[in-house]
Structure formats: C-alpha cells, structure tokens
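Take a look at the structure set out below.
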Amino acid sequence: MAKPKGKAGTGASARIAGAVDKAGDKLAPDDRDVAGPSPDPATNLLIHDILLRSGGRILRLGLEKGLLRNRYGKSAAREIVENRSMVQTLASYAVARVATRSVPGAIVVGGGIVAKALLDRRRSRRAAERAGDRKLRKRAEQE
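Right, dumping it as structure tokens:
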C-alpha cells in the first residue's frame, strides 16, 4: 500500500538536499572568491581544462620524441612524431579513451598490447626490427 503524499519538500530527499546545501554553505560561503583568474567558475573550469590538456599534449609529444631519439636521432624522431597521420592520431585517441573509461576496456586494450608484443617476439627479432624501422623511416621521410 502506498503512503499518502504529504506536503511537498518534507520527504527524506528534501531533508538530505537541505543538509547538503547547508554543508556546501559552510565549505564555501558566498563571500569567498572563486579559485582562478575569473570570477566565473565555468570560465575557470574551461581555463583549467585547456591548461591540463595542452600540458598533457606537450608532455606526451616530448616523451614520444625522447623514446625515438636514442635509436633514430633528434631530427628523425621529430619527423616521425610530426608526420603521424590523422587516422593514426584518431585511432590512438580512441584506443586510449576505451582503455581509460572502464575496466573491461582496459583489459581488452591491455590484452591487445600484450598480444601484439608476443606476436612481434614470435617473429624473428631482426625481422621485427627491420619492419618497425621501415615504417618509422617512411613516416620520417614524408613531408
């Protein structure tokens, strides 16, 4: 049997919402400034998002160039990273997105990486190195 509804705003959810509002007021009173250069929190969130994404991109590109620099030299490493096609960029973004959104996605992507590494090891080491070198040198020569 359903309970008769009482006055609006007197249920448990209304009491919980009121408690959350009071707690929020204690943590961030109205007279406190918003952290960031703008008084608008949405603008500050946008600014922080842009900074985090650009910082991550700079770090990722530097790491990729650094890993390739030992084998191919500074200029070739730069060319390899910069000559990546749009399809390669979108594919790596999509795979990273799948891997970071869920545990099953991470398992699938991780399993694929392990399978690729085992396949490369199965082929002769020299053949795998030659095939990889060919692909990267071809990418470095594109302009």
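Just so it is clear: in the sequence shown, position 78 is 78 by the UniProt record's numbering, and no numbers are missing. Note that CB positions come from ideal geometry on N, CA and C, so glycine has one too.
Check	Outcome
Start and end residues, alpha helix (DSSP H) containing residue 91	86–101
Nonlocal neighbours in the same chain, by C-beta distance under 6 Å from residue 140, ignoring five residues either side	76, 79 and 80
For residue 41, the three-state DSSP class (helix, strand or coil)	helix
Contacting residues, own chain, Cβ-Cβ under 6 Å from residue 1 (five flanking each side not counted)	Confidence at residue 1 is low in this model, with a pLDDT of 48, below 50, so its placement is unreliable and the value that follows should be read with caution. Excluding residues within five positions, none has a Cβ falling inside 6 Å.
Residue 131, enclosing alpha helix (DSSP H) - first and last residue	125–141
Cβ-based neighbour list, residue 120, same chain, cut-off 6 Å, excluding 5 preceding and 5 following	128
Nearest-angstrom beta carbon gap, residue 99 and residue 91 [assumed within contact, 8 Å]	Incorrect: roughly 13 Å between the Cβ atoms, too far for contact.
Distance between residue 46 and residue 56 (C-alpha atoms, nearest Å)	15 Å
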